[in-house]
Amino acid sequence: MSGPELLRGVFAFSCFIKTLHFVSLFLILHVEISQLLPQTRKPSARFLAALNCVTSTRGIGTPWEVKTWTYRDHASPPNQPPKTKWAYITRTLLTLIWQYTALDLLNFGTVLYFQREWPGALAAGAELFGPASSKGQLITRLPLSCLLLVNLRLLFSMICTVIALLSIALFWGSPEYGPPLFGRMKDLRHFRVRDCWAIYWHSLLRWPLVTISGAVQHRLIPASGKPQQIIQLFLIFSISGILHMLSAIYAGVPDNIGAIMLFFVGNAAAIVAEDLVRTRPRADRDSDTAWTRFLGFLSLLAWTYVSVPLFAYTALRLPVETDEVMPVRFVEEVGWRVIAGVVSVGWTGWTLIGG
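All letters in the sequence shown, in the order written, are residues 37 to 391 by the numbering used here.
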């Protein structure tokens, strides 16, 4: 595939995800193709069912369908999509418009600002935190990390929203088959690496990686109890790291691909370290006070500061000035202040109506 590096990376990532999806369904869970297709001779119905299987990455339509998120008892219930097809399409179109506008603001407003005002912030090797880092690199490290997290969340959510919209508009899917791709940040009850990943880990990889890592661990590295959980955790993050590395290679990312793998394995190690601290005597006593939440927030910020650039800088170095990715650039037409106001008003209104 030719084209911009970003689109090549997304294309490769989607192909790898679909491969994992089919491995999970047909080689591990042993789903029969007859279970995925309706028992009818009508070619159109069987074709639409097969198309739904190809475009879906969450096991939708099988007995092993995995719910997108598990909410705790005290957490807010997930948003339910509108029941009628056209209400869902209307709401989804409004969501897409807001997501595109916000992504345009982040790409052509914020990213280009950092590239212009802090030219050395994304220099080769800047993601490796150390004494050789310049003052500018140290200052911009946290805002660039947060920017990339929001940017990728918007991009993948927008792509999956488009796929869900097309599948429903063309009659091979239903609103129930398009649950949210990510969890909601307001449901983050504890500032820990594990809880943050539980919210931010998109469902494209969630169930196939859990299935595959569980099968590998059970058959090749048998264990039980806590060792089993640790082994499976490292397998999940390692497979995810390899997947992202292959996507970056296909996209033509020029430098420091190994930092991506270090990011994923490092997060697995951080979760294990957190769990060890929490299991110490008295660790859970008064663990949800305002003081402990504040300390947890600071520790999560510190971990973000150190670890996220290992992954973020590789993506942020991709060129953003490309008509193929963002054919309409509102920021260039009306300015970033106007677009920032539009995005803020849209987000506020969506929050007030429970969107």
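Built from N, CA and C at the ideal position, the CB exists for glycine as well.
Check: Stretch-stretch touch, CB-based, cutoff 8 Å, three pairs: the segment 283 to 303 with the segment 343 to 350; Outcome: yes
Check: Residue range of the alpha helix (DSSP H) that includes E369; Outcome: F366 to V370
Check: Sequence-distant residues of its chain with Cβ nearer than 7 Å to F52 (five each side left out); Outcome: L279, L282 and S283
Check: Simplified DSSP state of K78, which is helix, strand or coil; Outcome: coil
Check: Unbroken alpha helix (DSSP H) run spanning M221, endpoints; Outcome: M221 -> no alpha helix (DSSP H), and no H or E assigned at all.
Check: Segment limits, alpha helix (DSSP H) that includes G261; Outcome: G261 to A287
Check: Rounded Cβ spacing between F192 and H238 (contact assumed at less than 8 Å); Outcome: 6 Å
Check: Exposure label - G161; buried when at least 16 CB within 10 Å; Outcome: exposed
Check: Which of helix, strand or coil DSSP assigns to A319; Outcome: Per-residue confidence for A319 stands at a pLDDT of 48, beneath the threshold of 50, marking its modelled position as unreliable; no derived number is given.
Check: Pair within 8 Å by beta-carbon distance, L190 and A251; Outcome: no
Check: Inter-residue spacing [alpha-carbon to alpha-carbon] between V381 and L240; Outcome: 30 Å
Check: Distance between V374 and N143 (C-alpha atoms, nearest Å); Outcome: 15 Å
Check: Residue burial classification, R353 (beta-carbon count within 10 angstroms, cutoff 16); Outcome: buried
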